[in-house]
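Taken in order, the sequence shown gives residues 2 to 439; the numbers are from this note's numbering.
The beta-carbon is built from N, C-alpha and C at its ideal position, and this holds for glycine as well.
Only one structure is covered here, and it is reproduced in the block below.
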Amino acid sequence: MKIAVIGTGYVGLVTGTCFADSGNQVACLDVDAKKVERLLAGDIPIYEPGLAELVERNAASGRLQFTTDVASAVAPAQIVYLAVGTPSAADGSADMTYLFAAAESIAPHLRADAVVVTKSTVPVGTCARLEGRFREMLGRPVDVASNPEFLKEGAAIDDFTKPDRVVVGVRRPEVAELLRELYAPFLRTEHPFLVMSPESAEMTKYVANALLSTKISFINEVANVCERLDADINDVRRGIGHDSRIGFAFLFPGVGYGGSCFPKDVRALAHLAKQHGVEPQILTSVDEVNTRQKDVLLEKIDRHFGDELAGRTIAIWGLAFKPKTDDIREAPALVLIDGLLARGAKLQVHDPEAMENVRARYGDRLTYADTPIAALTAADALAIVTEWSEFRNPDFEAIRTAMKAPLIFDGRNLFSLTQMRQANFTYHSIGREVVKAK
Ligand SMILES: NC(=O)c1ccc[n+]([C@@H]2O[C@H](COP(=O)([O-])OP(=O)(O)OC[C@H]3O[C@@H](n4cnc5c(N)ncnc54)[C@H](O)[C@@H]3O)[C@@H](O)[C@H]2O)c1
């Protein structure tokens, strides 16, 4: 099939590349000319495991093309995917500026039988609005379908090519059949292809992200209660997780969720609910608990140092909003960095992939260390914010030697309390007792 993908970010690039890899002819379009230039030069603008090789292979075969030229990308395409950003607007709603700008730019070039598919996460009713806009612009109906994306950054290719399920929202069965054919190579293991209305498909994406966010805020809130009651959240987590109705997924306490999806999608669903007369009590709380949780390490550091934080050197391990990505959108590390800088602390930071993005934001206000251990040089404390696997089994002797004091604030509970007692560190974590160095 001939496909155009509009927007070549984390989702668009993965979508276009995976569809090319299953034999389709794909044109990836972006308005960001620099991004397209980099892609044409074989330079992948984001970090996503396995993506570079896949892009290279499919670009070399001629199946995957990159362009800024709307007509050449859209005119031949049977399916046009919209994968542009839908960030939070000031009132919490999804900002639809990019999506409608993209729709307007493609409209004059659409084939008579083209199907437009939203891959972007969009408010319920967006397909209907797009149908209306195309009818206004072209004086004829255009099929618009919803095909929400459930991939996780850091495991995007696997998630895309081996999806738990594919959801499509369509008005006509023929459109579902076209999309079923497109996805067939990825559904050979009998995972379901779920056909519903565009409205239900749009809602499904928000509900999935809202429920995952709810689990995170729930476990974070009870972790904070555990700390005050001398209960250990890790034991409690195990105690509940073996109940098959509960399970373990997304019930790890930490410093709050970030990224380009959960925060904005929870807010957008809450906004939609309010707009339609439902008070979103749970969603509002999930967002508020998460915002508060992003301060939890800073509060622990504040309590430890009192008025003596200014001038101290704090090392930070992990800046990306989660491991295996360079994405720092709404990352908890940014809240910690801002708070520590405001208190006059000096920061030495390390992340395996996100340093460039953090440098673009903070410039020389931070010291960027090439290795985790280099970040610890003469540090008064280490704060761990992202659970990269390379942080999980460090050499505690080397850490102690590098630092001024053996003091860790761990926002991801990477280490056991026994381990920390043996290594003789003062160790603050989430929802567990504080270990004091002797
Ligand atoms: N990132 C994720 O993990 C993820 C997962 C599932 C769904 N989503 C959703 O997918 C959508 C895209 O997210 P993303 O993280 O890929 O965003 P992104 O910001 O990485 O990429 C968006 C791209 O669209 C381009 N763009 C903007 N306007 C355009 C236009 N008019 N024409 C062509 N290109 C245009 C931008 O230049 C940018 O490269 C969002 O709605 C998001 O909620 C994201």
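Taking the alpha carbon of residue i as the point to measure from, which residue in the options has its own alpha carbon closest?
| i | options | result |
| --- | --- | --- |
| F253 | R238, T402, D31 and I247 | R238 |
| S23 | R172, W318, G248 and R58 | R58 |
| H110 | V75, A274, L335 and R313 | V75 |
| Y48 | N358, R422 and T119 | N358 |
| P50 | T378, P324 and A202 | P324 |
| D266 | G319, V208 and E280 | V208 |
| L367 | A361, A384, D381 and Q349 | Q349 |
| F194 | P174, N210 and L212 | P174 |
| T326 | V117, S390, E150 and A104 | S390 |
| D144 | P264, E154 and A104 | A104 |
| Y363 | L342, A380 and D381 | L342 |
| P1 | V12, F410, T98 and E132 | Because the chain is modelled from 2 through 439, residue 1 falls outside the range shown and cannot be assessed. |
| A346 | L337, G312 and P333 | G312 |
| G93 | N425, R39, R268 and G260 | R268 |
| G340 | A370, I45 and R293 | R293 |
| I217 | R189, T190 and K295 | K295 |
| E154 | A361, T16 and S106 | T16 |
| L310 | L299, G319 and D165 | L299 |
| L337 | F410, L415, L65 and Y184 | F410 |
| D396 | M421, D381, R413 and N414 | M421 |
| D352 | A361, D365 and D371 | D371 |
| P164 | T190, R141, L179 and E178 | T190 |
| H192 | P199, Y184 and S198 | Y184 |
| G412 | E331, T9, E222 and V297 | V297 |
| V176 | A115, I107, S430 and L270 | A115 |
| E38 | Q66, N25, F20 and C19 | Q66 |
| M97 | V196, T127, A361 and Y428 | T127 |
| P142 | L152, V223 and R130 | R130 |
| A102 | M138, F416, G43 and L415 | M138 |
| G140 | E132, I247 and E178 | E132 |
| A146 | A113, L180, L152 and A156 | L180 |
| G10 | S430, F416, R393 and D328 | D328 |
| M197 | P281, L188, E178 and P186 | E178 |
| R112 | A78, S106 and L100 | A78 |
| A95 | N225, P186, A271 and L152 | A271 |
| S261 | M356, P281, A224 and L152 | L152 |
State the CB to CB distance for the pair residue i and residue j, rounded to an integer number of angstroms; the pair is presumed to be in contact (CB under 8 Å).
| i | j | result |
| --- | --- | --- |
| A399 | E354 | About 22 Å; that fails the 8 Å criterion. |
| L52 | L14 | 7 Å |
| A438 | P407 | 5 Å |
| A84 | K120 | 4 Å |
| V56 | I80 | The pair is not a contact, with the Cβ atoms about 20 Å apart (cut-off 8 Å). |
| G384 | I283 | Residue 384 is actually Ala in this sequence, not Gly. That pair is no contact at about 30 Å. |
| L213 | F249 | Not a contact, Cβ separation roughly 13 Å. |
| N210 | F135 | About 27 Å; that fails the 8 Å criterion. |
| A424 | T387 | That pair is no contact at about 21 Å. |
| V125 | E200 | 5 Å |
| N221 | G242 | Actually they are not in contact, since the Cβ atoms of N221 and G242 sit about 16 Å apart, beyond 8 Å. |
| W331 | G259 | A small fix is needed here, since residue 331 is Glu in this sequence, not Trp. Indeed, because the Cβ distance is near 4 Å, the residues count as touching under 8 Å. |
| I4 | Q26 | 7 Å |
| V123 | E203 | 6 Å |
| I7 | Y82 | 7 Å |
| G257 | N291 | 5 Å |
| C19 | T162 | 6 Å |
| L418 | F392 | The Cβ separation is near 17 Å, so there is no contact. |
Do the region 223-243 and the region 430-438 make contact, defined as three or more Cβ pairs closer than 8 Å? In short, these stretches touch, since the Cβ pair count reaches three.
So within the region 150-174, which uninterrupted beta strand (DSSP E) runs reach at least 3 residues, ignoring any that extend past its ends? Entirely contained in the region 150-174, the beta strand (DSSP E) runs reaching 3 residues are, in chain order, 167-170.
Kindly confirm or deny that the region 79-98 and the region 160-169 touch, where touching means at least three C-beta pairs closer than 8 Å. With a cut-off of 8 Å, the region 160-169 and the region 79-98 do not count as touching, because too few Cβ pairs lie within range.
Does the region 59-71 come close enough to the region 28-38 that 3 or more CB-CB pairs lie under 8 Å? The region 28-38 vs the region 59-71: in contact.
Counting only runs of 4+ residues fully inside the region 280-331, write out the alpha helix (DSSP H) ranges in chain order. 282-294 and 297-306, all fully within the region 280-331.
Do the region 302-309 and the region 262-277 make contact, defined as three or more Cβ pairs closer than 8 Å? As far as the Cβ criterion goes, the region 302-309 does not touch the region 262-277, which means the pair count is below three.
Contact the region 403-423 vs the region 376-386: 3+ CB pairs below 8 Å: Judged by Cβ distances under 8 Å, the region 403-423 makes contact with the region 376-386, as three or more pairs qualify.
Jot down the residue ranges of each uninterrupted beta strand (DSSP E) in the region 76-110, minimum 3 residues, whole runs only, in chain order. Within the region 76-110, the complete beta strand (DSSP E) segments at least 3 residues long are 80-83, listed from N- to C-terminus.
Along the chain, which unbroken stretches of the alpha helix (DSSP H) at least 4 residues long are found entirely within the region 389-419? Listed in chain order, the complete alpha helix (DSSP H) runs (minimum 4 residues) inside the region 389-419 are 397-403.
Let me know the beta strand (DSSP E) ranges lying completely inside the region 336-400, each 3 residues or longer, listed in chain order. Entirely contained in the region 336-400, the beta strand (DSSP E) runs reaching 3 residues are, in chain order, 347-351 and 382-385.
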